[in-house]
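As structure tokens, the structure follows; a few thoughts come after it.
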Amino acid sequence: MRKKELKLVVTFHTTADAMAMEKACRAQEVPGRLIPVPRAISAGCGLAWCAPLEERGRVSAVMKEHGIEEEALHECMV
2 MRKKELKLVV
12 TFHTTADAMA
22 MEKACRAQEV
32 PGRLIPVPRA
42 ISAGCGLAWC
52 APLEERGRVS
62 AVMKEHGIEE
72 EALHECMV
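Sequence positions in the sequence shown follow my numbering and run 2 to 79.
Written out as structure tokens, the structure reads:
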């Protein structure tokens, strides 16, 4: 079991946006992974991108560059 740490969690309105985020981040070597949305957060599609907090700028840049719309950005224990 992973140790819980404070992470950046990006939620999406659609599964298509979540999958596009994973593809774009993998292509640009931005660390992170798709996770089920944590219980403390409510989101449309049920998937979220989880990344280290220090990657917030890169994550936002990838979303802007690829036209991926987030529902919200959260900082939570994951």
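We put the CB at the ideal spot given by N, CA and C, even for glycine.
Compute the Euclidean distance between the alpha carbons of residue i and residue j, then round it to the nearest angstrom.
i          : j          : result
residue 6  : residue 16 : 25 Å
residue 60 : residue 47 : 19 Å
residue 67 : residue 11 : 15 Å
Considering just the uninterrupted stretch of the alpha helix (DSSP H) at residue i, what are its terminal residues?
i          : result
residue 19 : 16 to 28
Rounded C-beta distance between residue i and residue j? I'm assuming under 8 Å.
i          : j          : result
residue 71 : residue 31 : Actually they do not touch by this definition, with Cβ atoms about 14 Å apart.
For the beta strand (DSSP E) that residue i lies in, which residues bound it at each end?
i          : result
residue 8  : 7 to 13
residue 56 : Note, residue 56: premise wrong, no beta strand (DSSP E); not H, not E.
residue 71 : 71 to 78
residue 34 : 34 to 37
What's the call for residue i, buried or exposed, on a 16-neighbour Cβ count within 10 Å?
i          : result
residue 58 : exposed
residue 33 : buried
residue 22 : buried
residue 9  : buried
Is residue i near the ligand GTP, with its Cβ less than 8 Å from a heavy atom?
i          : result
residue 18 : Although the ligand GTP was asked about, the structure shown includes no ligands whatsoever.
Excluding the five sequence neighbours on either side, which residues of its own chain have a C-beta within less than 8 Å of the C-beta of residue i, listed in chain order?
i          : result
residue 45 : 12, 13, 14, 15 and 72
residue 37 : 47, 48 and 49
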